[in-house]
Each structure stands twice: as structure tokens, then as C-alpha cells.
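For the sequence shown, UniProt numbering assigns the number 1 to the initial residue and increments by one for each residue that follows. Where is the CB? At the ideal position from N, CA and C, for every residue including glycine.
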Amino acid sequence: MKRIGLLGGSFDPVHVAHIALAENALQALDLAAVELIPAANPWQRAALHATGQQRCDMLELAISGHPGLIVNPIEIDRGGATYTIDTLRALPQDARHVWLLGGDQLANFCTWRDWRDIARLVDLAVATRPGTPIAPPAELAAWLAELGHPLEELPFPPMQVSASDIRRRLAAGESTDGQLAAPVAAYIAAHKLYR
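And the structure:
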């Protein structure tokens, strides 16, 4: 069965580290594709700055020229509070899905709604910094051992890029050179986002 990576996030805005992580996972984990899934209304975060449509538009611009990367607007289309478990249950069952997450998300994974069911439905691949071991919460480690689902490691060199810093820079009129794909930067400027 083919394996498809899933990279969820607010993508507010999508930046070069998001695309680098998706590209890295595509190759390192031998995935058929990576779907980038923008959240409609992530319940663990503050309100988003760009609309769902704008974030989808920026994602489409960012993945242009990156075969194997796909924008999946399933959560935007559904609307309302965004819970990963609802998204996983709605995906086609013709592939094995691999949820891509960072070490920070791994640390609070057990706060996610129905996290045990999430871990049953997908393989978990954690982006790790070189030389930093994967450290899942004990409860998650025990559950994965019971399921026979080992955590997959996705080596990923740290990139000093964050959406919150980009928003701050844009609001202050500072440069974001090298942090956004050129078409995304042009879209942000044209739509006067994050000012």
C-alpha cells in the first residue's frame, strides 16, 4: 500500500521551512506524496491572520514546481474547530498515512483529541534536529509499543524561520528575504496581508 505524508498547520503564512520539511519527508520516508493540510480553526492556537482561501492560495503558490506536494483543503472546506482525528477519519482509506510532526508537537501529542486513535490510524514521523533524540511522552511511547507502531525519525536540520517572526517582520516593514517563496511574498504584498 502506498504511503502518503500529511503535514498539518496554520500556514499563516507558509514559509520555506514548511516546504523543505515536506520535500525532505517525501524523499527520506519514500512517500508517494505529501499533502499539506491548512487548519480551518486550530483550537490550540490564537486566531489566524489570513483567511482559509488566502492560506490555500499561498500554499498552491509555494508548492508550484515541487512535484509530489499537494494542498489538501479538507479542513478549510469542513470549517469550524480543527481536530486532527476528524480529518484522518474523513481521508480515503486507499493509502497508509504518515503524520509529520515536529518535536514540539510530539511533546504535547497526548493533549490532542482522541490521540490514541490518531496513533492507531497513522504512522508518526518526527522531524528531529541532528544529534537530538526523539523523546515521546511516556504515555505515547507505551501506547505505540502496544500498537507495534514505532516512531519514525525524519532527520531535519533546523531552519531559523517561523510564521510568527515573518508576521512580525511584515508588520514592521522589515525584510523577509529568504524566508518566503517569491510568489508567496508577492501575494502577501498584493493582498496587503500581515500589516
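Query: C-alpha distance - residue 100 paired with residue 80, whole-angstrom precision; Result: 23 Å
Query: Supposed close pair residue 151, residue 122 - CB separation, criterion 8 Å; Result: The Cβ separation is near 12 Å, so there is no contact.
Query: Environment of residue 82 [buried if 16+ CB atoms lie within 10 Å]; Result: buried
Query: Span of the alpha helix (DSSP H), counted from its first residue to its last, around residue 59; Result: 52-63
Query: Any non-hydrogen atom of the ligand ZN within 7 Å of residue 167 CB; Result: With respect to small molecules bound, the structure shown includes none, and the ligand ZN cannot be examined in it.
Query: At least three beta-carbon pairs within less than 8 Å, the region 46-54 to the region 12-32; Result: yes
Query: Chain-order list of residues whose beta-carbon lies under 8 Å from that of residue 132 (same chain, five-residue window excluded); Result: 103
Query: Sufficient close CB pairs (3 or more, under 8 Å) joining the region 26-38 to the region 60-72; Result: yes
Query: Local Cβ density within 10 Å of residue 147, reported as buried at 16 or more and exposed below that; Result: exposed
Query: Through-space distance from residue 188 to residue 168, alpha-carbon basis; Result: 13 Å
Query: Residues of its chain near residue 183, where Cβ-Cβ distance is below 6 Å and the 5 sequence neighbours each way are ignored; Result: 61
Query: Identity of the residue in 124, 64, 8, 93 nearest residue 84 by Cα; Result: 8
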